[in-house]
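As structure tokens, the structure follows; a few thoughts come after it.
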Amino acid sequence: MVDALVTLVVVVACLGVLGLLAAARVVKQYERGVVFRLGRLRSDIRGPGFTMITPVVDRLYKVNMQIVTMPVPAQEGITRDNVTVRVDAVVYFKVVDPAEALVAVEDYRFAVSQMAQTSLRSIIGKSDLDDLLSNREKLNQGLELMIDSPAVGWGVHIDRVEIKDVSLPETMKRSMARQAEADRERRARVINADAELQASKKLAEAAAQMEATPSALQLRLLQTVMAVAAERNSTLVLPIPVELLRFLEKGQQEIPAREAAPASEREAAPAPEQTAQPARPAMPTLTEREPEPHTVDR
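In my numbering, the protein residues as written are 383 to 680.
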């Protein structure tokens, strides 16, 4: 009789330990526990730590409350300006209501993924290529609103949506490269023209100043010679006035002309001194002289 009682106590104790082990649950810090009793949702959400449930009757589901990073597969579409692009993105979301995340939707991760893909295609069709390349902040906000609207009913909050990459066709890349090169060349020409305009104004002011003081031009010439000589060049090029070159050329043309002139012409040519003196009266001849008066002695 005593042996049977001891055996019964041991069996009950073992069953109690097994029941305790079956009822004991541990919820981690980043999780929340949702209890279903006989298939019905209990209102109390189990927090982190040790918790107990009724074996066989209750079932505990753990929901991760951390922010989930979900990459969105690349979606190919046509923009509003008829350019085929391929865009991929990433979605950051977290569960704010674990009960709704289990009851309202079968798989909230798959639901968010599909909603992100359809919203991304819609954004591609509504946007221009320039907006996809340069105005991504506005597109990210619009994409976040499109995904967050249905996700609120699932107990999920969309924290952030980012467009990662926009892939363009090779022909479009070459066209954009040519356009960018032409734009850079245009800006370079405009800057060069502005620089030439400013330089011409400064040169005009300097010319006016040098015209007032001619010695400044000589000083500038000497300064230029010193600057060129400082570079240790073996050849110096100095500017020569055009008037001086014309004078030398004229002198070289007169020398051969004088040598080629005949000697008779040089002798016949009146000397400068003779031409300069006034003409003297010619001496009268013997016939032209007046007869002298003769006296007769008587």
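For every residue, glycine included, the Cβ atom is placed at its ideal position computed from N, Cα and C.
_Assigned secondary structure, R462 (DSSP; H/G/I helix, E/B strand, else coil)_ = Of the three classes helix, strand and coil, the one that applies to R462 here is coil, per DSSP.
_Contacts around V543, its chain only, beta-carbon distance under 7 Å, and the 5 residues preceding and following it disregarded_ = Cβ within range, chain order: A471, V473, N522, L525, E526 and I529.
*Do you know whose CA, among A498, F418, R414 and A395, lies nearest V445's CA?*
Per the Cα distances, R414.
*In the DSSP assignment, find the unbroken beta strand (DSSP E) run with T681 in it and report its ends.*
Residue 681 is absent from the model: the chain starts at 383 and stops at 680.
*Rounded to the nearest angstrom, how far is the Cβ of I346 from that of R518, given a contact under 8 Å?*
No information on residue 346 is available, as it lies outside the stretch 383 to 680 that the chain covers here.
*Under a three-way DSSP split, which group does Y412 fall into?*
Three-state result, Y412: coil.
*Indicate the three-state DSSP secondary structure (helix, strand or coil) for T451 in the structure shown.*
Annotated three-state conformation of T451 is strand, per DSSP.
_Can you tell me whether V477 is helix, strand or coil according to DSSP?_
Here V477 sits in strand by DSSP.
*Quick one: grab the DSSP three-state call for D565.*
Three-state result, D565: helix.
*List the DSSP bridge partners of R419.*
Answer is R422 and D440, bridged to R419.
*Please confirm whether D510 and R462 have their CB atoms less than 8 Å apart.*
The beta carbons of D510 and R462 sit closer together than 8 Å.
*asked:* Using a Cβ-Cβ cutoff of less than 6 Å, which residues in the same chain neighbour Y490 once the five nearest sequence positions on both sides are dropped?
replied: The beta carbon of Y490 sits closer than 6 Å to those of A483, W536 and V538, all from its chain and outside the five residues before and after it, given in chain order.
*asked:* With a threshold of 8 Å, are at least 3 pairs of Cβ atoms found where one atom belongs to the region 441 to 461 and the other to the region 405 to 423?
replied: Touching, per the Cβ criterion.
*Do three or more CB pairs link the region 398 to 411 to the region 426 to 445 at distances below 8 Å?*
The way I'd put it, the region 398 to 411 does touch the region 426 to 445; three or more beta-carbon pairs between them come closer than 8 Å.
*Do the CB positions of I506 and G459 come within less than 8 Å of each other?*
When the beta-carbon positions are compared, I506 and G459 come within less than 8 Å of each other.
_DSSP bridge partner residues for V394 (one or two, in chain order)_ = Note: V394 sits in no beta bridge, so no partner.
*Could you say which of K632, E563, R566 and T466 lies nearest to L550 if we only look at CA atoms?*
Among K632, E563, R566 and T466, the Cα nearest to that of L550 is on T466.
_Taking its Cβ as the centre, do 16 or more other Cβ atoms sit within 10 Å of A651, making it buried, or is it exposed?_
At A651, the pLDDT of 48 sits below 50, so the modelled position is not reliable; the number obtained from the coordinates is stated separately. Residue environment analysis places A651 among the exposed positions, since fewer than 16 neighbouring C-beta atoms fall within 10 angstroms of its C-beta.
*asked:* Assuming V515 and V548 are in contact, meaning their beta carbons sit under 8 Å apart, how far apart are those beta carbons, in whole angstroms?
replied: As written in the sequence, residue 515 is Leu, which differs from the Val given in the question. Rounded to the nearest angstrom, the Cβ distance from L515 to V548 is 6 Å, consistent with a contact under 8 Å.
*Cβ distance (whole Å) where L725 is taken to contact V454 below 8 Å*: Outside the displayed span of the chain (383 to 680) sits residue 725, for which this structure offers no information.
*Are the CB atoms of R468 and D440 nearer to each other than 8 Å?*
No.
*Look at the Cβ atom of L423, then the Cβ atom of V485, and state whether they are nearer than 8 Å.*
At the C-beta level, L423 and V485 come within 8 Å of one another.
*Who pairs with N517 in a beta bridge, going by DSSP?*
Checking the DSSP bridge columns, you'll see N517 has no partner listed.
*Taking the beta strand (DSSP E) that S549 falls in, what are its first and last residues?*
Start and end: V538 to S549.
*Quick one: what does DSSP say V487 is sitting in, helix, strand or coil?*
Looking at V487 - three-state DSSP - the assignment turns out to be coil, as it is neither helix nor strand.
*Check the DSSP bridge columns for Q457 and list the partner residues they point to.*
Residue pairing for Q457: DSSP places it in a beta bridge opposite V469.
*Measure the C-alpha to C-alpha separation of A559 and Q591 and round it to an integer number of angstroms.*
Whole-angstrom Cα-Cα distance: 48 Å.
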